[in-house]
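Chains as they are written, first to last, in our numbering: chain A, 1 to 208; chain W, 209 to 514.
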Amino acid sequence: MKKLLLLVLFFMSLGLFVGVSAEEYTNYQEIIFEEDDVELLKDFSSSDYKKYYKKTKKRKMFGWRLHVVNKNEPLEFIAETKIKIFNDGTTPITYKIGLESKEETKTQISATGSIKVSGSGSNKKFKGSVDANIKASISTTKTQTNKENFNFNIMVDPLTYVSIVTRGTGEINNGVGSYYFFWGRTKKGGWETFTVMTEYYEIIKSKI
Amino acid sequence: MKRIFIIFIGLYIIVSTAVVFIVDHDLDKEIEILSIQKDYARMLTEDETIDIPIYISKEKSFFTSVDNIIDAKILSESDEISIEIKEIKKEEKTVFYLDKEYYIYYFMLDLNSVFTLNLKLDFKDALLFLKYNNEEELTLDIGHINIMFSDVYHFNHIDYTRLYSINHMNSIVGIYIELVNKTGETVFINHIDTLNNHMLVNINDSKIVYEPLDHLKNIDNIIPGYDNIVTEFPIQKPISFKHNTAFFMPINYLNQFNYIIRFPLIINYKYNDEIYNYIIDDFMFYHYGDDLEYGLYEVSHYQYHY
Numbered sequence: 001m002k003k004l005l006l007l008v009l010f011f012m013s014l015g016l017f018v019g020v021s022a023e024e025y026t027n028y029q030e031i032i033f034e035e036d037d038v039e040l041l042k043d044f045s046s047s048d049y050k051k052y053y054k055k056t057k058k059r060k061m062f063g064w065r066l067h068v069v070n071k072n073e074p075l076e077f078i079a080e081t082k083i084k085i086f087n088d089g090t091t092p093i094t095y096k097i098g099l100e101s102k103e104e105t106k107t108q109i110s111a112t113g114s115i116k117v118s119g120s121g122s123n124k125k126f127k128g129s130v131d132a133n134i135k136a137s138i139s140t141t142k143t144q145t146n147k148e149n150f151n152f153n154i155m156v157d158p159l160t161y162v163s164i165v166t167r168g169t170g171e172i173n174n175g176v177g178s179y180y181f182f183w184g185r186t187k188k189g190g191w192e193t194f195t196v197m198t199e200y201y202e203i204i205k206s207k208i
Numbered sequence: 209m210k211r212i213f214i215i216f217i218g219l220y221i222i223v224s225t226a227v228v229f230i231v232d233h234d235l236d237k238e239i240e241i242l243s244i245q246k247d248y249a250r251m252l253t254e255d256e257t258i259d260i261p262i263y264i265s266k267e268k269s270f271f272t273s274v275d276n277i278i279d280a281k282i283l284s285e286s287d288e289i290s291i292e293i294k295e296i297k298k299e300e301k302t303v304f305y306l307d308k309e310y311y312i313y314y315f316m317l318d319l320n321s322v323f324t325l326n327l328k329l330d331f332k333d334a335l336l337f338l339k340y341n342n343e344e345e346l347t348l349d350i351g352h353i354n355i356m357f358s359d360v361y362h363f364n365h366i367d368y369t370r371l372y373s374i375n376h377m378n379s380i381v382g383i384y385i386e387l388v389n390k391t392g393e394t395v396f397i398n399h400i401d402t403l404n405n406h407m408l409v410n411i412n413d414s415k416i417v418y419e420p421l422d423h424l425k426n427i428d429n430i431i432p433g434y435d436n437i438v439t440e441f442p443i444q445k446p447i448s449f450k451h452n453t454a455f456f457m458p459i460n461y462l463n464q465f466n467y468i469i470r471f472p473l474i475i476n477y478k479y480n481d482e483i484y485n486y487i488i489d490d491f492m493f494y495h496y497g498d499d500l501e502y503g504l505y506e507v508s509h510y511q512y513h514y
């Protein structure tokens, strides 16, 4: 019986080494935190993980034990270029640009190790019971997009690029978690939530 | 005795069921509607709409079916125009206001029937009037609407290469704009109109800057001691530029901050003794989520019983 239990724990522990799932924000041009010591989950080093997992080592019969590393840490970011238009003609052209703020950009999540992300678009969440545990440990600020039509007409000179760059403010929560099954750790991984509070838009026209 | 007891219990069940049914029925027949008083400063081309958010406590009702609307108008104390409701769009998510859940609908106002190039319309304290095919009428406070019909054409004297707002505490405190002079001669900017009557791009206090400014900045760090709030707008004096120049232009607000996030810039300038307008279409400078959520606007509340 004991051998069987060890075998189960061994197979479950294979889950500790499964890959990473990342979100759009991890590819943003720049993320600057108000506090210097805050870092993204993707920048956690193996020694960071080791240090943080130690905080989750208190065993329990079943369930997740979480450690919050960064809670509601404010940040500023430069996101992707929303749109880039090039007039390669010989006369000025008026372009109509339509922009919409995506709901799924507002709250994004990432996970590493055996913590997984499920769902898609704005319905993404951490897979399994860890989602409720994370939500109970942090309080993410609720944000919402609106669907107001945003059409913008712009006249663009020949051989000129127009781009609209998004900057913004937001907050981040991240940490690690360990799952215990009969007092044995069977899963562990990192988790992160990224919430956009305000987006600022900038127009840039540049010659080739 | 047993029979009396059974009759009594039976009557009790019938009466309480009837009461619950009546109360429920009455609650179902009440719809709460919220509108917010925003500032709309819009440069409209022929196919553009103005989208007005309306918050409704019931997901499905005759109010939100565009086919039921037989008449629509924008009204103010002195003006009135007939419009069409092009579409009513529903948001996927709901919003809570004073512990009540509301569905968010955008009423897309189509003003094509009055489209006249370069016409300006100013509706102070505007009302959206809607008449439905069941004879019901709805009149909603929607704020101030300033419109100019334009095709965003301009002469080739000036241009810009970079434009964004400088923000502090949910408001725009100024504009960063890199202006290009294509003429090789001095161009005079007389004034910049945003169409909004409560804000002014104050060129008198504009400042030439040599490096792009951080987009989140207290104005005191750009122009020490500057106050964005004024009791009356200063008369604008022309500023000139001959070469490409980056300006910080502070925004003045009349009596209180205004949370307008989208407006055009109509740059009135003089070149070679002629006056021209360079129009930058209404650009959404920033976006912070749902309008009701932040509590920045005055909310009007309507109850409908049927």
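Glycine included, each C-beta is placed from N, C-alpha and C at the ideal position.
Find the nearest neighbour of residue i within the set the options, judged by alpha-carbon distance.
i	options	result
A/Trp-191	A/Asp-157, A/Thr-90, A/Arg-65 and A/Ile-203	A/Arg-65
W/Ile-468	W/Leu-403, W/Thr-253, W/Ile-222 and W/Met-316	W/Leu-403
W/Tyr-510	W/Ile-443, W/Asp-318 and W/Phe-271	W/Phe-271
W/Tyr-305	W/Leu-319, W/Leu-325, W/Leu-317 and W/Val-507	W/Val-507
W/Asn-405	W/Tyr-514, W/Phe-471, W/Tyr-418 and W/Glu-343	W/Phe-471
W/Ile-258	W/His-513, W/Tyr-314, W/Gly-503 and W/Ser-273	W/Tyr-314
W/Pro-261	W/Lys-425, W/Pro-442, W/Thr-302 and W/Ile-291	W/Thr-302
W/Asn-320	W/Phe-337, W/Glu-345, W/Glu-344 and W/Ile-293	W/Ile-293
W/Asp-287	W/Leu-329, W/Asp-428, W/Glu-295 and W/Pro-442	W/Leu-329
W/Glu-240	W/Lys-268, W/Ile-215 and W/His-423	W/Lys-268
A/Lys-188	A/Val-156, A/Tyr-161, A/Val-130 and A/Tyr-200	A/Val-130
W/Ala-454	W/Phe-441, W/Gly-382, W/Asn-485 and W/Lys-298	W/Gly-382
Tell me, please, whether the CB atom of residue i is closer than 9 Å to any CB atom in chain W?
i	result
A/Ile-172	no
A/Phe-150	yes
A/Ile-204	yes
A/Lys-135	no
A/Thr-193	no
A/Thr-169	yes
A/Asn-153	yes
A/Asp-157	yes
A/Glu-199	yes
A/Thr-107	no
A/Lys-82	no
A/Thr-186	no
Let's see if you can read the secondary structure: which residues bound the alpha helix (DSSP H) around residue i?
i	result
A/Val-38	That residue, A/Val-38, is in no alpha helix (DSSP H); it is neither H nor E in DSSP.
A/Val-130	130-137
A/Asp-48	46-54
How many whole angstroms separate the CB atoms of residue i and residue j, which I take to be in contact at a CB cut-off of 8 Å?
i	j	result
A/Asn-173	A/Ile-138	4 Å
W/Asn-398	W/Pro-446	5 Å
A/Ile-97	A/Ile-83	6 Å
A/Leu-76	A/Val-38	According to the sequence displayed, residue 76 of chain A carries Glu and not Leu. Contact doesn't hold; Cβ gap of about 12 Å is too wide.
W/Ile-400	W/Ile-474	7 Å
W/Asn-452	W/Leu-387	7 Å
W/Phe-357	W/Leu-252	5 Å
W/Ile-385	W/Tyr-361	Not confirmed; about 20 Å, so no contact.
W/Ser-448	W/Phe-396	5 Å
A/Tyr-25	A/Phe-150	So it is not a contact: roughly 22 Å between Cβ atoms.
Are the C-beta atoms of residue i and some chain A residue less than 9 Å apart?
i	result
W/Gly-497	yes
W/Phe-271	no
W/Glu-256	yes
W/Phe-491	yes
W/Met-251	yes
W/Asp-307	no
W/Asn-375	yes
W/Asp-234	At W/Asp-234, the pLDDT of 49 sits below 50, so the modelled position is not reliable and the matter cannot be decided from this model.
W/Leu-327	no
W/Thr-391	no
W/Arg-211	no
Terminal residues of the continuous beta strand (DSSP E) containing residue i?
i	result
A/Tyr-95	93-99
W/Asp-401	395-401
W/Leu-424	Run containing W/Leu-424: none; DSSP gives neither H nor E here.
W/Gln-511	506-513
W/Asn-476	470-479
W/Val-417	Neither: W/Val-417 is in no beta strand (DSSP E) and is coded neither H nor E.
A/Thr-81	62-87
A/Leu-159	Run containing A/Leu-159: none; DSSP gives neither H nor E here.
W/Thr-453	453-462
W/Asn-485	482-492
- Let me know the alpha helix (DSSP H) ranges lying completely inside the segment 310-392 of chain W, each 4 residues or longer, listed in chain order. none
- Query: Residue ranges of each beta strand (DSSP E) run of no fewer than 3 residues wholly in the segment 232-311 of chain W, ordered along the chain?
  - Reply: Whole beta strand (DSSP E) segments, 3+ residues: 238-252, 257-264, 277-283, 288-290 and 292-305.
- Query: Which runs of the beta strand (DSSP E) spanning at least 3 residues fall entirely within the segment 162-199 of chain A, listed in chain order?
  - Reply: Fully enclosed beta strand (DSSP E) runs of 3 or longer: not present.
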